[in-house]
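Enquirer: Quick one: structure below, then a few questions.
Numbering (this note's numbering), first residue to last: 954 to 1531.
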């Protein structure tokens, strides 16, 4: 055997590419040199502790007990105290485990496993001076027994860097507070914590807040609350964490009364530099007051990515920024580059953005639930005022429901956006209709020379009265040499410039490979002319999406009793000439 295969570190790197556990087990039995490296990789990630127990502890010592014969609900027990020699094999493999548990535990713990607490006590007594899994670095506690929460203490140690903990109503208050104390005491180097709290106790909420604020080495926090909101005092605790880089807050199951009880206007001592290292902030909440108060705390931090998912319980207009607490200043979020917002309507975004100065934002992604009516014009005006024309490169406004609104917007709403000369992606699908013409198309092409993707309005809807002609695509071919994707409402009427003689003025743009025309009636006798024009204008075109009538599906190329749609002939002609 080559001497390089005697180096354990090299073997470990090689074995990490083997994903099948059966093959790793075979490698472990191949020779003595392969044994330890293969076993380390084989047992490094353990989805459930019961798997290790059943594989290493003699079978006569343990049993699965099913209450009332329900085989799908079993609890692992030891029949009696095991002898030290009975657990030697367990300890041999337990020392290799670095990750325990799965993070997809259900809302009620249904995806976890049940192990009687006495099992943990027996395993701990075998080696009382160390953790049950001494090399453990990532712990997902998915033991769902109501009385087993405190047993997490037997797995904690100085090597643990990640803890995923779910707290449910069936856990006692004393067990929860004791567990938080154990984590704080034994995991001084903890870097990441993911906590799901579905309890209602104010005492537990306060203990959780102080617990997280005391973990000085935390870099990542993910907190999901099912029954309570997060108070301003708790946010101040988190603001003191000097190394926190990523914060994810999911606040669900709130009632309007719970939101009103948050008391955001109460004043607490605020750190001089709150969230000094925060880079990514994600918030999913039903309380706009909470969003405003949180933004007031992070406005001076170096946040680069902000995700906000606002899903209210009622249709009340969004509140203004709180007047009794800290306010959001005009010079804020100077490091923010990516802003992702999901709200019921654009009015929320207008309220959210109007007091901000987002000069560094490069990508703005907005998703709304209902079609934008009168809100769209006000929203675009706020965007043109709050975002920098030299920084914004991507603007997405998309209605996420399939319902298409009846409102029709004029091309004037596009004019404030022409100042953003660095745009590479323009997606404007607000649920209504946006009327464009050749003049506006020319302005867009000249104003956005870096454009790579453009999608504006419901181009497949019959209610649009003004559309871009096929000749109106010429400015995009001239000025946007990086353009790959076009989705606009096109009208096939009008005279096309000739392309088959030496004096032709029609340019060619080889970068465009996908064109969505939508609903665009096309006479049969014009199909050849359109195919020749588009084939010359966009010689690299690979996908053409268009249909002749509203009764013809978007992916169908036949209509009226099986007759071939003229656009099918256009597509065939273009593809055959490549």
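Note that the Cβ used here is the ideal one computed from N, Cα and C, for glycine as well.
Below 6 Å CB to CB, which residues in the same chain sit around residue 1028 once its five sequence neighbours on both sides are set aside?
Expert: Here residue 1028 is taken as the residue at index 75 of the chain shown, counted from 1. Result list for residue 1028: 1018, 1067 and 1069, in chain order.
Enquirer: Is residue 1467 closer than 7 Å to residue 1496 when the C-beta atoms are compared?
Expert: By 1-based counting over the chain shown, the position of residue 1496 is 543. By 1-based counting over the chain shown, the position of residue 1467 is 514. In contact: residue 1496 and residue 1467 (Cβ atoms closer than 7 Å).
Enquirer: Are the CB atoms of residue 1176 and residue 1143 nearer to each other than 7 Å?
Expert: Working through the chain shown from its first residue, we reach residue 1176 at position 223. Working through the chain shown from its first residue, we reach residue 1143 at position 190. No. Outside cutoff.
Enquirer: When you compare each of 1332, 1246 and 1297 to residue 1263 by their alpha carbons, which one comes out closest?
Expert: Translated into positions along the chain shown, residue 1263 becomes position 310. Looking at the Cα atoms, 1297 is the closest of the given residues.
Enquirer: Between which two residues does the alpha helix (DSSP H) holding residue 1132 run?
Expert: As a first step, residue 1132 is located in the chain shown; it is residue number 179 there, counting from the start. First-last of the alpha helix (DSSP H) with residue 1132: 1126-1139.
Enquirer: CB-CB under 6 Å to residue 1073, same chain, minus the five flanking residues each way: which ones, in chain order?
Expert: If you number the chain shown from 1, residue 1073 lands on position 120. Excluding residues within five positions, the ones whose Cβ falls inside 6 Å are 1104 and 1107.
Enquirer: May I ask which residues mark the beginning and end of the alpha helix (DSSP H) holding residue 1490?
Expert: To locate residue 1490, count along the chain shown from 1; it is residue 537. Where residue 1490 is concerned, the enclosing alpha helix (DSSP H) stretches over 1480-1490.
Enquirer: CA-CA distance, residue 1117 and residue 1428?
Expert: On the chain shown, position 164 is the one that residue 1117 refers to. On the chain shown, position 475 is the one that residue 1428 refers to. Their backbone Cα atoms lie some 54 Å apart in a straight line.
Enquirer: In three-state DSSP terms, what is residue 993?
Expert: Sequence index remark: in the chain shown, residue 993 carries index 40 (1-based). Residue 993 falls in the helix class under three-state DSSP.
Enquirer: Return the CA-CA distance between residue 1093 and residue 1291, expressed in angstroms with no decimal places.
Expert: Here the question's residue 1093 lines up with position 140 in the chain shown. Here the question's residue 1291 lines up with position 338 in the chain shown. Roughly 30 Å separates the two Cα atoms.
Enquirer: With a 10 Å radius around its C-beta and 16 neighbouring C-beta atoms as the bar for buried, classify residue 1238 as buried or exposed.
Expert: Taking the chain shown and counting its residues from 1, the one referred to as residue 1238 is at position 285. Buried.
Enquirer: Note down the Cα distance separating residue 1098 from residue 1054, rounded to an integer number of angstroms.
Expert: One-based indexing of the chain shown puts residue 1098 at position 145. One-based indexing of the chain shown puts residue 1054 at position 101. Computed Cα separation, rounded: 15 Å.
Enquirer: Considering only their Cβ atoms, is the gap separating residue 1351 from residue 1331 smaller than 7 Å?
Expert: Translated into the one-based positions of the chain shown, residue 1331 becomes position 378. Translated into the one-based positions of the chain shown, residue 1351 becomes position 398. Cβ atoms of residue 1331 and residue 1351: not closer than 7 Å.
Enquirer: Put residue 1432 into one of helix, strand or coil per three-state DSSP.
Expert: By one-based count along the chain shown, residue 1432 stands at place 479. DSSP places residue 1432 in helix when its eight states are reduced to three.
Enquirer: Going by DSSP, what residues sit across from residue 941 in a beta bridge?
Expert: With the chain represented from 954 up to 1531, any question about residue 941 goes unanswered, as that position is not in the structure.
Enquirer: Here's the rule: buried if 16 or more other CB atoms are within 10 angstroms of the residue's CB, otherwise exposed. What is residue 1483?
Expert: On the chain shown, residue 1483 is found 530 positions in, with the first residue counted as 1. Under this definition residue 1483 is a buried residue.
Enquirer: Whole angstroms is fine: what's the gap from residue 1031's alpha carbon to residue 1015's?
Expert: Residue mapping note: residue 1031 aligns to position 78 of the chain shown, counting from 1. Residue mapping note: residue 1015 aligns to position 62 of the chain shown, counting from 1. Taking the straight line joining both Cα atoms gives about 4 Å.
Enquirer: Look at the alpha carbon of residue 1257 and the alpha carbon of residue 1173, and state the distance between them as a whole number of angstroms.
Expert: The residue given as residue 1257 occupies position 304 in the chain shown. The residue given as residue 1173 occupies position 220 in the chain shown. So the two alpha carbons sit approximately 15 Å from each other.
Enquirer: Determine the direct distance from the alpha carbon of residue 1199 to that of residue 1039, and round the result to whole angstroms.
Expert: For the purposes of this step, residue 1039 is taken as the residue at position 86 of the chain shown. For the purposes of this step, residue 1199 is taken as the residue at position 246 of the chain shown. Approximately 44 Å, taken between the alpha carbons.
Enquirer: The beta strand (DSSP E) that contains residue 1147, what's its start and end?
Expert: Walking along the chain shown from the start, residue 1147 turns up at place 194. Looking at the DSSP string, the run of the beta strand (DSSP E) that includes residue 1147 is 1145-1150.
Enquirer: Report the three-state DSSP secondary structure of residue 1409 (helix, strand or coil).
Expert: Stepping through the chain shown from its first residue, residue 1409 is reached at position 456. In this structure, residue 1409 counts as strand in the three-state DSSP scheme.
Enquirer: Exposed or buried, residue 1353, counting other C-beta atoms within 10 Å across all chains shown (16 or more means buried)?
Expert: One-based indexing of the chain shown puts residue 1353 at position 400. Per the 10 Å Cβ criterion, exposed.
Enquirer: Is the beta carbon of residue 1362 closer than 7 Å to that of residue 1317?
Expert: Sequence index remark: in the chain shown, residue 1317 carries index 364 (1-based). Sequence index remark: in the chain shown, residue 1362 carries index 409 (1-based). No, Cβ-Cβ distance for residue 1317 and residue 1362 is not below 7 Å.
Enquirer: Can you tell me whether DSSP reads residue 1315 as helix, strand or coil?
Expert: For the purposes of this step, residue 1315 is taken as residue 362 along the chain shown, with counting starting at 1. Three-state result, residue 1315: coil.
Enquirer: For the beta strand (DSSP E) that residue 1351 lies in, which residues bound it at each end?
Expert: Numbered from 1 along the chain shown, position 398 holds the residue referred to as residue 1351. Run containing residue 1351: 1347-1352, per the beta strand (DSSP E) assignment.
Enquirer: Out of curiosity, what's the CA-to-CA distance linking residue 1192 and residue 1159?
Expert: Position 239 of the chain shown holds residue 1192. Position 206 of the chain shown holds residue 1159. Their backbone Cα atoms lie some 15 Å apart in a straight line.
Enquirer: Does the Cβ-Cβ distance between residue 1378 and residue 1406 come in under 7 Å?
Expert: One-based indexing of the chain shown puts residue 1378 at position 425. One-based indexing of the chain shown puts residue 1406 at position 453. In this structure, residue 1406 lies closer than 7 Å to residue 1378 by Cβ.
Enquirer: Using CA atoms only, rank isn't needed, just tell me which of 1147, 1100, 999 and 1003 is closest to residue 1088.
Expert: Counting from 1 along the chain shown, the entry for residue 1088 is found at position 135. The shortest C-alpha separation from residue 1088 is found at 999.
Enquirer: Which ranges would you report for the alpha helix (DSSP H) in the segment 1230-1266 if only whole runs of at least 4 residues count?
Expert: If we require 4 residues or more, the alpha helix (DSSP H) runs fully inside the segment 1230-1266 come out as 1241-1251.
Enquirer: Considering only the beta carbon of each residue, do residue 1523 and residue 1491 sit closer than 7 Å?
Expert: Position 570 of the chain shown holds residue 1523. Position 538 of the chain shown holds residue 1491. Against a cut-off of 7 Å, the Cβ pair of residue 1491 and residue 1523 comes out as no contact.
Enquirer: Between which two residues does the beta strand (DSSP E) carrying residue 1089 extend?
Expert: To locate residue 1089, count along the chain shown from 1; it is residue 136. Note, residue 1089: premise wrong, no beta strand (DSSP E); not H, not E.
Enquirer: Here's a check: name, in chain order, each residue in its chain whose Cβ is nearer than 6 Å to the Cβ of residue 1372, leaving out the five neighbours to either side.
Expert: Here residue 1372 is taken as the residue at index 419 of the chain shown, counted from 1. Excluding sequence neighbours, residue 1372 sits near 1342.
Enquirer: Of the residues 1138, 1119 and 1134, which one's Cα is nearest the Cα of residue 1151?
Expert: Translated into the one-based positions of the chain shown, residue 1151 becomes position 198. That would be 1119, whose Cα lies nearest to the Cα of residue 1151.
Enquirer: Judging by CA-CA distance, which residue of 1309, 1409 and 1520 is the nearest neighbour of residue 1440?
Expert: Here residue 1440 refers to the residue found at position 487 when the chain shown is read from its first residue. The residue with the shortest Cα to Cα distance from residue 1440 is 1409.
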